[in-house]
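For the sequence shown, the numbering used here assigns the number 4 to the initial residue and increments by one for each residue that follows. Where is the CB? At the ideal position from N, CA and C, for every residue including glycine. Since this is a predicted model, take the numbers as computed values, not measurements. Below: the structure, in structure tokens.
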Amino acid sequence: MMRITVIVTLLLSVWADVTPPVEGNFFSRQIETQEQKDGKSGAPAAASNVLGSEAQVGSVITFHDGVVYAKLVNNNRIPLVGYGVGNINHELVKGMVSSAIQDTKKIVMIDTAHASKNEHLVAEGIVKGVEKMSYKKKKTEIHVVTKVWYTHLGYERTKLSIQESLESLRPALDHDKVNLKLHVLLHWPRCYGNVPWMDCENEEQKLPDHVKAAGPDPSLDPDNAWKQSWKALEDMYLSDEYPIASIGLSNFHLKEIEQVEAFAQIHPHVIQMNLWSLLYDAHLIDYCHKHRIHVQAYNIVQGTISQPDQAPRAMRHLEKVANELSDEVGESLSPVQVILAWLIQHGVSVIPRTTNVLRLEENSAVALLNVPAFSDHQVETVAHAVEAYLSGDDLDDIHVSVTFHAVSKDVVLYWMGHDGDETSEIGIELLRVGDTFDETTYPGHKFRAYDAQNKDIWTEHDISANYGDHVHIEL
Numbered sequence: 004m005m006r007i008t009v010i011v012t013l014l015l016s017v018w019a020d021v022t023p024p025v026e027g028n029f030f031s032r033q034i035e036t037q038e039q040k041d042g043k044s045g046a047p048a049a050a051s052n053v054l055g056s057e058a059q060v061g062s063v064i065t066f067h068d069g070v071v072y073a074k075l076v077n078n079n080r081i082p083l084v085g086y087g088v089g090n091i092n093h094e095l096v097k098g099m100v101s102s103a104i105q106d107t108k109k110i111v112m113i114d115t116a117h118a119s120k121n122e123h124l125v126a127e128g129i130v131k132g133v134e135k136m137s138y139k140k141k142k143t144e145i146h147v148v149t150k151v152w153y154t155h156l157g158y159e160r161t162k163l164s165i166q167e168s169l170e171s172l173r174p175a176l177d178h179d180k181v182n183l184k185l186h187v188l189l190h191w192p193r194c195y196g197n198v199p200w201m202d203c204e205n206e207e208q209k210l211p212d213h214v215k216a217a218g219p220d221p222s223l224d225p226d227n228a229w230k231q232s233w234k235a236l237e238d239m240y241l242s243d244e245y246p247i248a249s250i251g252l253s254n255f256h257l258k259e260i261e262q263v264e265a266f267a268q269i270h271p272h273v274i275q276m277n278l279w280s281l282l283y284d285a286h287l288i289d290y291c292h293k294h295r296i297h298v299q300a301y302n303i304v305q306g307t308i309s310q311p312d313q314a315p316r317a318m319r320h321l322e323k324v325a326n327e328l329s330d331e332v333g334e335s336l337s338p339v340q341v342i343l344a345w346l347i348q349h350g351v352s353v354i355p356r357t358t359n360v361l362r363l364e365e366n367s368a369v370a371l372l373n374v375p376a377f378s379d380h381q382v383e384t385v386a387h388a389v390e391a392y393l394s395g396d397d398l399d400d401i402h403v404s405v406t407f408h409a410v411s412k413d414v415v416l417y418w419m420g421h422d423g424d425e426t427s428e429i430g431i432e433l434l435r436v437g438d439t440f441d442e443t444t445y446p447g448h449k450f451r452a453y454d455a456q457n458k459d460i461w462t463e464h465d466i467s468a469n470y471g472d473h474v475h476i477e478l
């Protein structure tokens, strides 16, 4: 329990060491944008009504054209809601990216990697998407996050990787309706021989000759290859020749990130990590806060509720929070949206991956920015639920509480199971007139009250309430 308390405290104090804490979620902050100076608001219409969270958000958050951004330490900005295309089928990339950037979704950050070999498809998707929005007079700002694979570590290999990425993205970079912002990360600090899916020797052997000629095999000097790569990132970032908005790291341990201080001109602007590190590596998160390094989280859905059997009771807690927030906003919200909104309301960028257009819409910036601010209790509930998925240590169960009241006659109460499965009919209680009986159950379960004198006379009662609700049923 102490570990979760620390985790929640960290999430509630994102960037608190850098800027004054602010009551409410990022929607309730005073947003300074050009639109506001002109008397207009860059925030969504619902944003002004989203108040009440006690979470303290310290990162500088701005709205522009209905998109929410985090301000990086170099004064550039990066969206809080993105779309990951790293491992999806190449045939789907162009269409999904085009759909993502439309005004109905406003997902203007695409996350990929040089090793995914789909950067050219990302560019084609961006071009296709902006050309669908021909009604726009201004350029559409699109952010692309790409990464240098561990086979390309070392100064010259890293430069080559970035140059190839830029060439692949050229159609979008040169398009007159696209303002493309490129963020480049080192994907891994090295190839690990003890990681089953990392095939270090074979990957090196299969590299094209021009890559091998660019620089030595990084596995020959794994402690320094990534440092040379960082110097290449710095040089390209500082050069006017390359349109790079920020540089950063992915899947790096704290000990390696701390080494950057000893040799680097520039500290990382962005760090990408999986959900496990975000929740369990408190020292890494604290380091990011102190140095104003923006955090992006990946493997959010895959690491949690895509495995419902891992923690079924935690899912019911997430559904309860989703139902509470749905009541506030007046539309149905899913547990996935709850987890994603929980992160972005604490200044953490999310890059969920999907090949389903409906899921893309559910996970979009438009949808997630309409999720109401979480209460402190809801923040803690989600933190505990996510931790339950990651640890396999499920939460205590949560139910619907039902009070049955025999008002006019004696009845015999039966539980009919889920969805009225009469084969599982189980007698529960005889209630005399005036008696009450308290039971705990789940949404979707059914009960039948038989007349105590004549079993041919009965009434059926569906439990349509949400987890955590209490309902009163008169029999």
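With 16 other CB atoms within 10 Å as the buried threshold, where does residue i fall?
| i | result |
| --- | --- |
| Met-318 | buried |
| Ile-460 | exposed |
| Gly-87 | buried |
| Gly-128 | buried |
| Met-136 | exposed |
| Pro-246 | exposed |
| His-186 | buried |
| Gln-268 | exposed |
| Pro-315 | exposed |
| Lys-458 | exposed |
| Pro-82 | buried |
| Gln-231 | buried |
| Phe-266 | exposed |
| Val-198 | exposed |
| Leu-328 | buried |
With distances taken Cα to Cα, identify the nearest neighbour of residue i among the options.
| i | options | result |
| --- | --- | --- |
| Leu-336 | Glu-365, Gly-128, Arg-316 | Glu-365 |
| Ala-2 | Gly-89, Asp-106, Val-100 | Any property of residue 2 remains undetermined from this structure, which presents the chain solely from 4 to 478. |
| Asp-1 | Tyr-138, Ser-171, Asp-312 | Residue numbering for the chain in the displayed model covers 4 to 478; residue 1 lies beyond these limits and cannot be assessed. |
| His-93 | Ala-118, Ala-344, Cys-203 | Ala-118 |
| Val-374 | Val-385, Ser-367, Ala-344 | Ala-344 |
| Asp-400 | Val-415, Thr-384, Thr-406 | Thr-384 |
| Asp-465 | Glu-159, Tyr-195, Val-405 | Val-405 |
| Met-276 | Ala-468, Ile-354, Ala-314, Gln-348 | Ile-354 |
| Gly-306 | Val-147, Ser-378, Tyr-138, Trp-279 | Trp-279 |
| Gly-98 | His-123, Asp-238, Asp-202, Ala-376 | His-123 |
| Ile-64 | Asp-243, Ile-347, Lys-258 | Ile-347 |
| Thr-552 | Tyr-453, Glu-167, Glu-206 | Here the chain has residues from 4 to 478 only, and residue 552 is not among them. |
| His-408 | Val-436, Glu-390, Val-389, Ser-394 | Val-436 |
| Glu-159 | Val-415, Asp-238, Asp-114 | Asp-238 |
| Tyr-445 | Glu-432, Val-474, Arg-80 | Val-474 |
| Glu-167 | His-213, Asp-179, Gln-208 | His-213 |
| Gly-430 | Thr-439, Tyr-453, Asp-438, Asp-413 | Tyr-453 |
| Asn-121 | Val-339, Glu-170, Lys-215, Asn-469 | Glu-170 |
| Asn-78 | Gly-395, Arg-295, Pro-338, Asn-359 | Arg-295 |
| Glu-331 | Ile-303, Ala-376, Thr-357, Pro-338 | Ala-376 |
| Ile-91 | Gly-395, Thr-358, Glu-463, Asp-243 | Thr-358 |
| Val-181 | Lys-139, Gln-299, Leu-95, Val-360 | Lys-139 |
| Lys-449 | Phe-440, Glu-463, Asp-441 | Glu-463 |
| Arg-80 | Leu-95, His-146, Leu-223 | His-146 |
If residue i and residue j are in contact, beta carbons under 8 Å, what's the gap, nearest whole angstrom?
| i | j | result |
| --- | --- | --- |
| Val-410 | Glu-477 | 5 Å |
| Glu-144 | Lys-109 | Not confirmed; about 11 Å, so no contact. |
| Val-341 | Leu-321 | 6 Å |
| Ser-253 | His-190 | 5 Å |
| His-270 | Ser-249 | Rounded, the Cβ-Cβ distance is 11 Å, inconsistent with contact. |
| Ala-175 | Val-130 | 6 Å |
| Tyr-301 | Ile-260 | About 17 Å separates the two Cβ atoms, so there is no contact after all. |
| His-297 | Ala-73 | 5 Å |
| Pro-225 | Arg-193 | 4 Å |
| Ile-288 | Gly-251 | So it is not a contact: roughly 15 Å between Cβ atoms. |
Grab me the residues of residue i's own chain with a C-beta within less than 8 Å of its C-beta, minus the 5 sequence neighbours each way, in chain order.
| i | result |
| --- | --- |
| Glu-428 | Tyr-417, Trp-418, Met-419, Gly-420, Arg-451 |
| Thr-443 | His-402, Val-403, Ser-404, Val-405 |
| His-286 | Leu-257 |
| Trp-152 | Ala-116, His-117, Ala-118, Ser-164, His-190, Trp-191 |
| His-387 | Ile-7, Ala-317, His-320, Leu-398 |
Sorted by chain position, which residues of the same chain lie with C-beta nearer than 6 Å to residue i's C-beta, five sequence neighbours on each side aside?
| i | result |
| --- | --- |
| Pro-221 | Leu-156, Gly-157, Ala-228 |
| Ile-381 | A small fix is needed here, since residue 381 is Gln in this sequence, not Ile. Around Gln-381: Val-324. |
| Pro-47 | Because the pLDDT of Pro-47 is 37, which lies under 50, any placement of that residue in the model is unreliable, and the question is left without a value. |
| Asp-472 | Val-403 |
| Asp-114 | Gly-85, Gly-87, Val-148, Ile-354 |
| Val-125 | Val-100, Ile-113, Thr-115 |
| Ala-235 | Tyr-158, Thr-161, Lys-162 |
| Val-415 | Leu-433, Tyr-453, Ala-455 |
Excluding sequence positions up to five away, which residues of its chain have a Cβ less than 7 Å from the Cβ of residue i?
| i | result |
| --- | --- |
| Leu-282 | Ile-10, Val-389, Glu-390, Leu-393 |
| Ala-468 | Val-403, Pro-446, Val-474 |
Counting contacts by CB-CB distance shorter than 7 Å, is residue i in contact with chain C?
| i | result |
| --- | --- |
| His-270 | Reference to chain C is not applicable here, since this structure consists of a single protein chain. |
Are there any heavy atoms of the ligand ADP lying less than 6 Å away from the beta-carbon of residue i, as far as the coordinates show?
| i | result |
| --- | --- |
| Gln-262 | The ligand content of the structure shown is nil, which means the ligand ADP is not present either. |
- prompt: Counting only runs that start and end within the region 391 to 435, where is the beta strand (DSSP E) found for 3 or more residues in a row?
  reply: Correct list: 403 to 408, 414 to 421, 429 to 434.
field: Contained beta strand (DSSP E) runs [length at least 3] in the region 221 to 287, N- to C-terminal order
entry: Counting whole runs of 3 or more residues, the region 221 to 287 contains the beta strand (DSSP E) stretches 247 to 253, 273 to 277.
query: If you scan the region 98 to 162 from start to end, which runs of the alpha helix (DSSP H) of 4 or more residues do you find wholly inside it?
result: 122 to 135
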